[in-house]
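Sequence order for the protein chains is F and A.
Following the working numbering, the residues of the first sequence are numbered contiguously, the last one being 726.
Following the working numbering, the residues of the second sequence are numbered contiguously, the last one being 154.
Below: the structure, in structure tokens.
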Amino acid sequence: MTINTSRRGFLKSAAAAGAVLVIGVRPDGALAASGSPAMLNPFVQIGSDGSVTAIVKHFEMGQGPSTGLATLIAEEMGLSMDQIGYDFAPSDPQVYNNTLFGPMQGTGGSTAMANSFTQYRQAGAAAREMLLQAAAQSWGTEASALTLQDGVISGAGNSAPLGEFVAAAARLDAPADPPLKDPSEFRLIGKTDVRRLDGEAKGNGTAMFAMDIVRPNQMIAMIARPEQQRATAVSVDASGATDITGFIDAQILPNAAGVAVFAETTWAAMQARNAISVEWDTSNAETRSSSDIEAEIRTALDAEPTYNVNEADVEAVRAAVDGADTVIEETFYFPLLAHAPMEPLNCTIEETAEGVILLHDGCQFPTIPHGAIAEFFGIPFENVQINTVLAGGSFGRRATPQADYQMEAAMAFSLTDRSRPVHLVWSREDDLRSGQYRPAMGHKVRVGLDASGTIVGWEHRIAGQSILKGTPFEAMLVQNGIDFASVEGTFDSPYQIPTASFGLTDTPKATSTLWWRAVGHTHTAYVMEVMMDMAAKAAGIDPVEFRLAYLTGDGADQTRKAGVLRLAAEKANWGNAPEGRSQGIAVHKSFNSYVAEVVEISGTPEDGIRIEKITCAVDCGIPVNPEIIKSQMEGGIGYGIGHNMRDQITLTGGVVDQFNFPDYEPLRISDIGAIEVHIVPSAEAPTGVGEPGTPPAAPALANAIAAASDLRVASLPMDDNGVFFV
Amino acid sequence: MAISLKLNGQDQTVEAEPGTPLLWVIRDELKMTGTKFGCGVASCGACTVHLNGEPVRSCQTYIEDVEGAEITTIEAMSENEIGAAVQQAWIEMDVVQCGYCQSGQIMSAVGLLAENPKPSPQEIDDYMWGNACRCATYQRIRAGIQRAAEILEA
Chain F
1 MTINTSRRGF LKSAAAAGAV LVIGVRPDGA LAASGSPAML NPFVQIGSDG
51 SVTAIVKHFE MGQGPSTGLA TLIAEEMGLS MDQIGYDFAP SDPQVYNNTL
101 FGPMQGTGGS TAMANSFTQY RQAGAAAREM LLQAAAQSWG TEASALTLQD
151 GVISGAGNSA PLGEFVAAAA RLDAPADPPL KDPSEFRLIG KTDVRRLDGE
201 AKGNGTAMFA MDIVRPNQMI AMIARPEQQR ATAVSVDASG ATDITGFIDA
251 QILPNAAGVA VFAETTWAAM QARNAISVEW DTSNAETRSS SDIEAEIRTA
301 LDAEPTYNVN EADVEAVRAA VDGADTVIEE TFYFPLLAHA PMEPLNCTIE
351 ETAEGVILLH DGCQFPTIPH GAIAEFFGIP FENVQINTVL AGGSFGRRAT
401 PQADYQMEAA MAFSLTDRSR PVHLVWSRED DLRSGQYRPA MGHKVRVGLD
451 ASGTIVGWEH RIAGQSILKG TPFEAMLVQN GIDFASVEGT FDSPYQIPTA
501 SFGLTDTPKA TSTLWWRAVG HTHTAYVMEV MMDMAAKAAG IDPVEFRLAY
551 LTGDGADQTR KAGVLRLAAE KANWGNAPEG RSQGIAVHKS FNSYVAEVVE
601 ISGTPEDGIR IEKITCAVDC GIPVNPEIIK SQMEGGIGYG IGHNMRDQIT
651 LTGGVVDQFN FPDYEPLRIS DIGAIEVHIV PSAEAPTGVG EPGTPPAAPA
701 LANAIAAASD LRVASLPMDD NGVFFV
Chain A
1 MAISLKLNGQ DQTVEAEPGT PLLWVIRDEL KMTGTKFGCG VASCGACTVH
51 LNGEPVRSCQ TYIEDVEGAE ITTIEAMSEN EIGAAVQQAW IEMDVVQCGY
101 CQSGQIMSAV GLLAENPKPS PQEIDDYMWG NACRCATYQR IRAGIQRAAE
151 ILEA
């Protein structure tokens with residue numbers, strides 16, 4: 001049975017009385033407009049009361065798209081930022097798709113601004129043109145004689161608020177190609193005085209995260225999980241929980257991966273989960289330890305790689321390295337890492353009176369849980385709706401190809417009579433022990449230098465656990481067996497090193513693997529930049545000068561990477577660290593943005609290292625909101641440094657050793673000194689900022705430690721190498 | 001058991017089992033969702049509220065221990081002189097990213113400024129150490145506290 005439902009049921013602003021003008025795109029990408037929000041899923045909605053609402057197709061995990069996309073609309077409509085609001089788009093993979101992902105709505109790969117920049121400006125420009133046209137008709141003049149500024153249309157002796165023309169504009173056709181403002185006319189884009197639209201609500205407790213959703217008559221569900229990864233539930237004895245006030249029931253999930261514990265309150269669910277006893281079948285469970293995983297990876301690095309990533313003449317590269325005057329060799333190891341977003345995973349699922357399954361979720365890839373839930377319940381795609389709410393961080397965690405936590409909610413809900421909404425809640429322990437991690441990876445690199453200190457050969461092997469194989473993304477991002485997420489940032493580096501080979505070997509997975517802020521670049525940038533630093537040191541050449549020698553010519557990739565390298569060095573007063581301080585530098589391109597960072601430390605590994613100052617330069621094309629770009633660099637740096645200082649997920653006999661933050665200590669305010677971010681002015685199309693700040697941070701710190709002490713940290717985390725941080 | 005407390009200036013009586021963390025009384029019973037659950041073991045500070053004016057972790061504060069106490073949450077901070085200044089500074093400095101920890105950060109920042117109106121960066125680090133921010137907004141938290149101190153001094 002297909003039930004017609006209002007596709008726009010979640011847009012709170014849609015309820016406004018009076019006429020509306022909505023503007024969006026048709027599935028073929030052409031601009032479209034309507035006077036009825038039921039007819040069109042829009043990018044912008046304008047009410048006859050003058051309210052303007054940007055409908056944001058990307059989710060907000062703090063990286064700023066709600067402010068950013070609203071800014072694009074406001075810019076083209078001549079609004080000030082206090083004249084525009086935002087609402088999250090419903091799930092619609094045809095209209096709200098990420099244009100870089102195909103027919104899928106999703107936020108990832110630092111693409112929110114990159115794929116929305118033209119689209120949302122066009123929607124805003126179309127709104128402006130249509131309102132001007134309507135006003136011109138009303139006043140008997142030409143639209144070209146009128147302007148729209150600060151919510152008022154004026155010209156030809158007339159002046160009126162834009163809301164007066166909403167009804168008339170809604171009867172016009174959307175222009176096919178409305179003119180966009182010239183960058184010289186920008187009043188909001190690139191300006192430092194545009195504050196975040198979500199700042200106030202996040203400071204006064206009114207911001208609604210998924211955890212804050214309270215549906216009438218809802219139950220809480222928590223999942224009792226096995227100690228060993230992938231053990232399955234055989235039976236459950238809930239007698240120990242019957243005395244707990246608010247306990248409702250405990251039942252094995254349909255896939256037996258855990259036991260759903262239902263209760264009236266979160267606290268009751270937590271207590272009941274501890275009180276029940278579950279018999280687990282461990283016959284197919286994971287038994288390996290992280291030491292086994294590491295051994296598998298190190299063994300793989302000693303063998304010829306399975307895949308020749310850049311189709312290199314490996315023998316020739318090896319001969320070039322072997323014949324070099326100086327050979328530098330290092331083997332690197334990167335452990336499993338959890339994402340640990342501040343808001344533990346959770347979502348709420350319910351069935352509406354119309355038979356629609358409704359999910360309330362801070363959803364990074366809505367299309368995946370949308371399809372998975374429809375399939376699970378055997379209902380048409382359009383009978384599932386997603387209410388996207390704020391996410392308390394994600395870093396990739398809320399974007400699993402398996403829709404893991406949303407499917408847990410769906411499975412738990414299926415165990416009930418569906419009369420009550422079910423709010424699935426994870427604890428921090430669930431989060432850290434869930435088995436969705438940045439994969440463990442290893443690299444082994446040999447670099448040959450000639451007598452002048454020039455690189456004559458670079459032999460690079462990578463081994464580790466694929467993220468994308470076996471997922472719906474395999475078809476798109478795995479080519480010739482090579483998982484791009486395992487190798488990005490190496491073979492495709494802008495460095496001009498002609499005699500280089502990059503090989504990859506997959507190793508078995510002991511846990512699920514998942515993209516983690518900056519994905520493959522989390523390890524590839526570390527290896528590339530530490531190796532460049534080692535090579536520079538061996539060559540006796542300044543690390544900045546050494547790198548610049550491989551970024552010559554006028555190719556954009558080289559020019560932009562060299563540009564941020566020079567800017568960070570200049571702003572950090574590179575080479576002139578104060579007495580008692582040491583500097584390290586790293587530069588990396590990821591997600592089409594270029595970032596260089598200089599980390600300045602004091603102390604030594606034995607006595608304690610203090611991170612005093614970090615200087616960052618970023619080239620991300622046209623900077624739409626400079627403060628958000630700076631914030632993302634600051635946060636990306638903290639994320640990269642914090643984990644690599646001291647965090648890892650380890651397993652003993654298939655059981656995760658970490659439980660909660662004390663075992664997976666987050667970066668603290670006292671861990672990190674001032675961060676200074678410099679943005680390269682640019683007229684290029686905007687590129688990502690959510691992830692690119694992360695990759696250079698840890699190698700820059702590692703290079704600073706090496707400058708202070710000769711200690712090269714090649715196996716992470718750093719504190720496993722006798723490095724002590726103060 | 002019935003517990004009486006003063007929450008954001010209002011006398012309240014709540015029904016809760018002994019051993020129930022104050023966090024879950026605030027969130028599940030009173031449906032006030034500004035106070036956040038982050039770890040449950042007092043390691044992250046997202047659940048920070050004021051107990052008789054002092055910041056405490058509500059996830060490790062048990063309901064039977066707060067009988068008769070004054071509890072203040074983020075929802076009441078705009079009525080508090082220091083709280084309003086911190087909130088204003090947070091907006092001016094674009095402190096928040098995901099925002100989930102920020103209720104707790106602000107509750108701790110207000111606690112700091114109440115006892116030290118002009119904290120140094122080192123004093124800020126020492127006091128705010130227990131409030132984790134996975135987005136690493138720490139630099140702006142420092143700047144926000146210093147800006148709030150300026151606002152209050154003016």
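Beta carbons: idealized from backbone N, C-alpha and C, even for Gly.
If you're wondering where the values come from, they're calculated on a predicted model, not measured in any experiment.
How big is the Cα-Cα spacing for residue i and residue j?
| i | j | result |
| --- | --- | --- |
| V618 of chain F | L22 of chain A | 44 Å |
| R140 of chain A | M93 of chain A | 6 Å |
| S394 of chain F | G240 of chain F | 35 Å |
| L79 of chain F | Q149 of chain F | 6 Å |
| G45 of chain A | F381 of chain F | 40 Å |
| P42 of chain F | F661 of chain F | 41 Å |
| G40 of chain A | D11 of chain A | 26 Å |
| L514 of chain F | E185 of chain F | 42 Å |
| P498 of chain F | A312 of chain F | 10 Å |
| R196 of chain F | V95 of chain A | 9 Å |
| V261 of chain F | R273 of chain F | 6 Å |
| M342 of chain F | G371 of chain F | 27 Å |
| G29 of chain F | V44 of chain F | 15 Å |
Can you pull the DSSP bridge partners for residue i?
| i | result |
| --- | --- |
| L727 of chain F | As shown, chain F starts at 1 and ends at 726. That puts residue 727 of chain F outside it, with no answer to give. |
| D87 of chain F | F:I55 |
| A32 of chain F | F:G24 |
| S159 of chain F | F:S154 |
| G457 of chain F | F:G448 |
| V598 of chain F | F:I585 and F:T615 |
| T192 of chain F | Beta-bridge pairing links T192 of chain F to no other residue. |
| T72 of chain A | A:H50 |
| L69 of chain F | Looking at the DSSP assignment, L69 of chain F forms no beta bridge with any residue, so it has no partner. |
| C347 of chain F | F:L424 |
Which stretch, first to last residue, makes up the beta strand (DSSP E) that contains residue i?
| i | result |
| --- | --- |
| A263 of chain F | V259 to A263 |
| H588 of chain F | R581 to S590 |
| N41 of chain F | It is not in any beta strand (DSSP E) - N41 of chain F carries neither H nor E in the DSSP assignment. |
| L565 of chain F | No beta strand (DSSP E) holds L565 of chain F; the alpha helix (DSSP H) holding it covers A556 to K571. |
| T232 of chain F | T232 to D237 |
| M219 of chain F | M219 to A224 |
| I252 of chain F | F247 to I252 |
| E164 of chain F | Where E164 of chain F is concerned, there is no enclosing beta strand (DSSP E), given that its DSSP letter is neither H nor E. |
Classify residue i: buried if its beta carbon has 16 or more other beta carbons within 10 angstroms, exposed otherwise.
| i | result |
| --- | --- |
| M476 of chain F | exposed |
| V389 of chain F | buried |
| K118 of chain A | exposed |
| A233 of chain F | buried |
| E597 of chain F | buried |
| P543 of chain F | buried |
| N131 of chain A | buried |
| R147 of chain A | buried |
| E733 of chain F | As shown, chain F starts at 1 and ends at 726. That puts residue 733 of chain F outside it, with no answer to give. |
| D302 of chain F | exposed |
| F37 of chain A | buried |
| L449 of chain F | buried |
| K31 of chain A | exposed |
Starting from residue i, trace the alpha helix (DSSP H) both ways and give me its first and last residue.
| i | result |
| --- | --- |
| Q122 of chain A | P121 to M128 |
| Y526 of chain F | H521 to A539 |
| A127 of chain F | A112 to W139 |
| I328 of chain F | Not the alpha helix (DSSP H): I328 of chain F falls in the beta strand (DSSP E), residues T326 to F334. |
| W280 of chain F | Where W280 of chain F is concerned, there is no enclosing alpha helix (DSSP H), although the beta strand (DSSP E) it sits in stretches over S277 to D281. |
**Prompt:** Between the region 247–276 of chain F and chain A, which residues of the former have CB atoms less than 7 Å from a CB of the latter, in chain order?
**Reply:** T265, T266 and W267
Closer than 7 Å, Cβ to Cβ, to anything on chain A: give me those residues from the region 660–683 of chain F, in chain order. N660, F661, P662, P666, L667, R668, I669, S670, I672, A674 and I675
Exercise. Check distances from the C-beta atoms of the region 629–662 of chain F to those of chain A and list, in chain order, the residues that come in under 9 Å.
Key: Hits within the stretch, in order: K630, S631, Q632, E634, G635, G636, I637, G638, Y639, I641, G642, F659, N660, F661 and P662.
Short-range partners of chain A found in the region 319–342 of chain F, where Cβ spacing is below 8 Å:
A340, P341 and M342
Residues within the region 27–46 of chain A neighbouring chain F, beta-carbon criterion of under 9 Å:
Result list: R27, D28, E29, K31, M32, T33, G34, T35, K36, F37, G38, C39, G40, V41, S43, C44 and A46.
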